[in-house]
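Take a look at the structure set out below.
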Amino acid sequence: MRDQDKTKEQRVAEKRVAELVVSEAQHKRKEHRIQEALEYAESIIETVRGPLLVLDSDLKVVRANRSFYDFFKVTPEETIGSFIYDLGNRQWDIPRLRTLLEDILPKDNKIDDYEVEHEFSNIGHRIMLFNARRIIQKEIASRTILLAIEDITERREIETGLGKAHEALKELATELKRTAKVKSEFLANMSHELRTPLNSVIGFSEVSYDETFGTLNEKQKKYVNNILTSGKHLLLLINQILDTAKVEAGKMNLALSSLPMKSLLNEMLLPIEDMAGKKKLQMVLEIAEDLPDIGADELKVREINYNLLSNAVKFTPEGGTIGMRAKKADSEIEIVVWDTGVGIAPENMEKIFEGFFRVDTPYSRSTEGTGLGLPLSRKLAELHGGKLSVESEGLNKGASVRFALPIISGKVE
Amino acid sequence: MKKKALIVDDNANNLMLEKDLSEITGFEVFEARNAADGIAIAGREKPYIILMDVRFPDMRGTAASRILRQDKETCDIPIVFVTSSVMAEGIEEIKNITNTGFMGKPINTRTFAKEISQFIK
């Protein structure tokens, strides 16, 4: 039928149909958009890592995400459609949550970081931060509430723990300072109190031995000499204990000067040669001709050398050999003091640096010593930026102590 | 006439040792067991030299020496502190007092006379 042949009614009806088709298409597009928006919202809810709740205006649960179920250990069946306060056998009837939902949110549509602390029977004590939004949807005359929950229990525990640890550390530091002060005062007092009687012991026995006020018979002289030697041994102990404590407290200051090592070593060997001669020990000396001067504390260097050399004499039985090698090695001088004496068992190699350790052999029991000379010598060498180490192939196989001092250790005055 | 030395020490044994060594060196020795007596004897006898401990029951030797320094009669007498306080704090304490010396305990009886003579002008 041609268009001009259609009746007016027919034309009206066709137009109406055409309009309906358009409207239907529009409606479908709209529905499609709504569907898309819903899916979009749905994926957001499921993507969020923290628990999320959607409530209607009656505070009934409309949606909850997977994280909510996982975290609060509840099922969708008991959750959806329930009044929020009834969740988990009314566990959710939390006064602070009521305040948020009933007092704060109606006045303010947006609340962040609202803290709620609660004891749940199934998941225990929890501290949570709530972000809440009230969304007003005019078209459907409805109000939706979004609740996003973050569990901060562990973070808070760590923060509190850190705070406590910090406090404890501060207290410990104060206590350590106090202890260091008490220790240093104790040592000063000990030093004073021990020196006072030692002054008499050493002073009177020295004067008696020297026969300043009259002669002694042979036995008296021997006894008095024993008192004097023992007094001096005690004094050495006190001094070494104090020095060890000083180095450990970082209070030992070096008085650096330029030391002509070659002449210093040769001069130091004189009294040692005397000691060695009495025990019929051979002495082998290899002091390099080009041994340089070093910047170091003279008294401390003498002390180290004396300790090592006198140890070599003490721990080598009659007829043995002791020796010293000294040479320049790069920016250091290296001195090795060796002997063919009682040696050190492998298990004792570290113990000899612990202080008061005496290698327990029938021979060493009879020798004089404090057991502090070697550890103190190592500390003094290290204070100069040097090193000290001991080698021994075992008991009765001799020992050698190698120590190195930098040619320039710090400022030379 | 012998030169006078004053020895102040609260420990009887140490006092005796220093006294005997000083007498052998040729001094006429006066002794005091505390700082107050020491100050009194110093004013009366005007010794050539004073050997003084640092710790006394009544006051410190350094305080006693400041009193001696304020008196015209005793301000120039050399004072040798013979003390067991040989650690840094002890030496620091006497640093600012004029015309003083330091001898650590235990004393060396063999060099005692020589050390004392160094402090006398």
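Residue numbers (the working numbering), protein chains in the order written: chain Y, 1 to 413; chain G, 1001 to 1121. Yeah, the Cβ is synthetic: ideal placement off N, Cα and C, and Gly gets one too. Quick caveat, the model's predicted, so the values are computed rather than measured.
Query                                                                                                                                  : Result
Delimiting residues of the alpha helix (DSSP H) encompassing methionine 1059/G                                                         : Neither: methionine 1059/G is in no alpha helix (DSSP H) and is coded neither H nor E.
Residue-chain proximity (threonine 316/Y, chain G), Cβ-Cβ < 8 Å                                                                        : no
Chain-order list of residues whose beta-carbon lies under 7 Å from that of methionine 283/Y (same chain, five-residue window excluded) : Glu273, Ala276, Ile322 and Gly323
Exposed unless 16 or more other CB atoms sit within 10 angstroms - verdict on tyrosine 209/Y                                           : buried
Beta-carbon spacing of glutamate 119/Y, isoleucine 127/Y below 8 Å                                                                     : no
Cβ contact (3+ pairs, closer than 8 Å) linking the segment 377-392 of chain Y and the segment 291-303 of chain Y                       : yes
Distance CB(threonine 1100/G)-CB(phenylalanine 1081/G) smaller than 8 Å                                                                : yes
Closer than 8 Å to chain G by CB, glutamate 206/Y                                                                                      : yes
Coarse secondary structure for alanine 18/Y, derived from DSSP in three states                                                         : helix
For isoleucine 322/Y, the three-state DSSP class (helix, strand or coil)                                                               : strand
Where the segment 232-245 of chain Y meets chain G: residues whose CB sits under 8 Å from a CB there                                   : Leu235 and Leu242
Leucine 52/Y, buried or exposed, once every other Cβ within 10 Å from all chains shown has been counted against 16                     : buried
Proximal residues of chain Y, C-beta to C-beta of serine 1084/G below 9 Å                                                              : Ser191, His192, Glu193, Leu194, Arg195, Thr196, Leu198 and Asn199
The segment 1049-1071 of chain G: positions lying closer than 8 Å to chain Y by Cβ                                                     : Arg1055
Segment contact, 8 Å Cβ cut-off, at least three pairs: the segment 51-65 of chain Y with the segment 77-91 of chain Y                  : yes
Endpoints, the beta strand (DSSP E) within which aspartate 274/Y is located                                                            : No beta strand (DSSP E) holds aspartate 274/Y; the alpha helix (DSSP H) holding it covers 261-278.
Beta bridge counterpart(s) of lysine 327/Y as assigned by DSSP                                                                         : Glu334/Y
Contact between the segment 1015-1031 of chain G and the segment 332-343 of chain Y (3+ Cβ pairs under 8 Å)                            : no
Whether leucine 486/Y touches asparagine 307/Y by CB criterion (8 Å)                                                                   : Because chain Y in this structure spans residues 1 to 413, residue 486/Y falls outside the shown range and cannot be described.
Short-range partners of chain Y found in the segment 1009-1027 of chain G, where Cβ spacing is below 9 Å                               : Asn1011, Asn1013, Asn1014, Met1016, Leu1017, Glu1018, Asp1020, Leu1021 and Ile1024
Close Cβ partners of glycine 320/Y (< 7 Å) along its chain, the five nearest in sequence each way excluded                             : Leu281, Asp339, Thr340 and Gly341
Within chain G, partners of threonine 153/Y - CB distance below 7 Å                                                                    : Those do not exist, as threonine 153/Y stays about 54 Å from chain G at its closest Cβ, beyond 7 Å.
Neighbour list for proline 1106/G in chain Y, Cβ cutoff strictly below 7 Å                                                             : Arg195, Leu198, Asn199, Ile202, Gly203 and Leu235
Three CB pairs or more closer than 8 Å across the segment 215-229 of chain Y and the segment 247-257 of chain Y                        : no
Cβ neighbours of glutamate 1115/G in the same chain (closer than 7 Å, five flanking residues each side left out)                       : Met1103
Three-state secondary structure assigned by DSSP to arginine 365/Y                                                                     : Annotation note: pLDDT 49 at arginine 365/Y (below 50); position unreliable, no value reported.
Within chain Y, the residues that arginine 1110/G reaches when beta carbons sit closer than 8 Å                                        : Glu206 and Asp210
6 Å CB neighbourhood of arginine 402/Y in its chain, flanking five on each side removed                                                : Val336 and Ser389
Presumed contact (8 Å Cβ cut-off) between glutamate 206/Y and leucine 228/Y, rounded CB distance                                       : 6 Å
Residue interval of the beta strand (DSSP E) (run including alanine 245/Y)                                                             : That residue, alanine 245/Y, is in no beta strand (DSSP E); its alpha helix (DSSP H) goes 218-248.
Sequence ranges, alpha helix (DSSP H) only - wholly within the segment 90-118 of chain Y, length at least 4                            : 95-98
Any beta strand (DSSP E) of 3 or more consecutive residues that is wholly inside the segment 128-183 of chain Y                        : 142-151
Reduced DSSP secondary structure (H/G/I, E/B, other) of methionine 190/Y                                                               : helix
Distance, isoleucine 294/Y Cα to glycine 386/Y Cα                                                                                      : 12 Å
Local Cβ density within 10 Å of leucine 414/Y, reported as buried at 16 or more and exposed below that                                 : This structure gives no information on residue 414/Y, because the portion of chain Y shown stretches from 1 to 413.
Backbone CA spacing between leucine 87/Y and glutamate 77/Y [nearest angstrom]                                                         : 11 Å
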